[in-house]
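In our numbering, the protein residues as written are 64 to 195. Where is the CB? At the ideal position from N, CA and C, for every residue including glycine. Comments concern the structure below.
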């Protein structure tokens with residue numbers, strides 16, 4: 064095993080241990096951690112069997128097999144960026160809806176205070192009890 068193969072294996076192990084640590088401490092969701100664990104496993108595989116990329120390149124008819132590695136890496140990163148944008152859009156949509164609901168509840172709460180009438184909305188009642 065050459066020194067750079069050992070370096071790739073060590074980096075893969077450190078990455079896997081770091082990701083598992085982040086998932087365990089709730090700094091990273093399991094869903095995102097799974098992607099990074101797969102990256103660490105791929106790094107380990109390429110570290111232990113560096114000629115696997117040559118075999119895959121010849122299997123797919125690629126003249127210079129390391130370009131296959133770069134192509135796959137670029138496609139995976141673009142896919143990861145797309146999934147990140149989808150998740151960000153979902154979070155922003157949910158946040159906007161929550162803000163709208165809070166605004167409606169606060170408007171109802173202010174209307175109840177101005178009328179000095181007992182609240183008829185159970186959500187407003189729960190908010191009042193929480194304030195006391």
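{"Asked": "Are the region 117-131 and the region 84-95 touching by the rule of at least three beta carbon pairs closer than 8 Å?", "Found": "no"}
{"Asked": "If you drop the 5 nearest sequence neighbours on each side, which residues of the same chain put their C-beta closer than 8 Å to that of residue 104?", "Found": "75, 79"}
{"Asked": "Taking only three categories from DSSP, how would you classify residue 88?", "Found": "coil"}
{"Asked": "Pull up the CB-CB distance for residue 116 and residue 129, whole angstroms please, since I reckon it's below 8 Å.", "Found": "7 Å"}
{"Asked": "Who are the Cβ neighbours of residue 65 in its own chain at under 7 Å, not counting the five residues just before and after it?", "Found": "none"}
{"Asked": "Report the rounded CA-to-CA distance for residue 152 versus residue 144, giving the unit in angstroms.", "Found": "12 Å"}
{"Asked": "Under the rule that 16 or more other beta-carbon atoms within 10 Å means buried, what is residue 81, buried or exposed?", "Found": "exposed"}
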